[in-house]
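In my numbering, the protein residues as written are 7 to 202. Written out below as C-alpha cells is the structure these notes cover.
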C-alpha cells in the first residue's frame with residue numbers, strides 16, 4: 007500500500023516583535039524623523055524642563071536632542087535592543103536615565119513637567135490608551151506639558167492610528183488638559199497640551 011506524505015507547510019517567519027528589534031521604527035534610516043523631531047522640539051513652549059518623561063524613546067534619536075532642554079530626562083522603551091542603542095547614543099549625558107518599561111502597565115513613581123509620547127501609543131489597545139491617559143494625568147504636574155507625536159498611517163502592528171490617539175486626548179480638553187497647539191506635517195501629527 008502506497009502512502010502519500012504531504013509536503014511540509016511553509017510558513018514565513020514571524021516579524022520580530024518590538025521588543026526583539028534593535029531599531030523597530032527604522033529611525034536611523036528615515037530622514038523624515040529628523041524633520042519630525044525638529045517640529046516636536048519647536049512646539050515645546052518652555053526653553054527648559056525640570057523633569058521630563060519620554061514614552062517610546064526607541065534608539066534615542068529624539069532623546070539626544072530633547073535632553074538639551076531638560077534638567078532630568080527619563081526615557082522608557084519596551085525594546086531592550088533599541089534601548090541599548092539609546093543608552094550608547096546618550097552615554098555621555100548623566101542627566102538622562104533609561105528604563106525598559108511597558109506603559110501603561112508600569113509607570114514611574116514621580117511627577118513630571120513634560121511628558122512626551124512618541125509613536126508608542128499607536129501600539130496600545132483602546133483600554134491601554136485609557137489607562138495610560140489616567141497615569142499620564144496623575145503624574146503630570148499642573149501647568150506641565152504633554153506632547154504627542156505620531157504617524158497617522160496604519161500598519162499591521164498598530165492597534166490605533168495617530169488620529170485615534172490624538173483625538174482621544176483632545177476629548178480630555180478642557181476638563182483635564184488645555185490644547186495649546188495642533189500640527190500636521192505630512193504623515194505626522196503633533197498635539198501639545200497643558201495640564202490643568
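By construction, the Cβ of each residue, glycine as well, lies at the ideal position given by its N, Cα and C atoms.
Residue i beta carbon near the ligand NAD (any heavy atom closer than 8 Å)
| i | result |
| --- | --- |
| residue 183 | Looking for the ligand NAD in the displayed structure turns up nothing, as the structure carries no ligands at all. |
Spatial neighbours of residue i in its chain, beta-carbon cut-off 7 Å, leaving aside the 5 residues before and after
| i | result |
| --- | --- |
| residue 170 | none |
Straight-line Cα distance separating residue j from residue i
| i | j | result |
| --- | --- | --- |
| residue 102 | residue 61 | 13 Å |
| residue 158 | residue 137 | 21 Å |
| residue 85 | residue 68 | 16 Å |
| residue 97 | residue 87 | 15 Å |
| residue 168 | residue 187 | 16 Å |
| residue 54 | residue 198 | 16 Å |
8 Å Cβ shell around residue i - same chain, five flanking residues per side excluded
| i | result |
| --- | --- |
| residue 45 | 155, 189, 191, 194, 196 |
| residue 145 | 59, 113, 114, 116, 117, 118, 121 |
Nearest to residue i (by Cα), restricted to the options the options
| i | options | result |
| --- | --- | --- |
| residue 166 | 129, 186, 202, 145 | 129 |
Endpoints, beta strand (DSSP E) assigned at residue i
| i | result |
| --- | --- |
| residue 150 | 146 to 157 |
| residue 123 | 118 to 124 |
| residue 197 | 194 to 201 |
| residue 57 | 55 to 61 |
Under the three-state DSSP convention, the category residue i falls into
| i | result |
| --- | --- |
| residue 188 | strand |
| residue 160 | coil |
| residue 96 | coil |
| residue 219 | Look at the range of the chain in this structure, 7 to 202, and you will see that residue 219 is not part of it. |
| residue 182 | coil |
First through last residue of the alpha helix (DSSP H) which encompasses residue i
| i | result |
| --- | --- |
| residue 70 | 67 to 72 |
| residue 171 | 168 to 176 |
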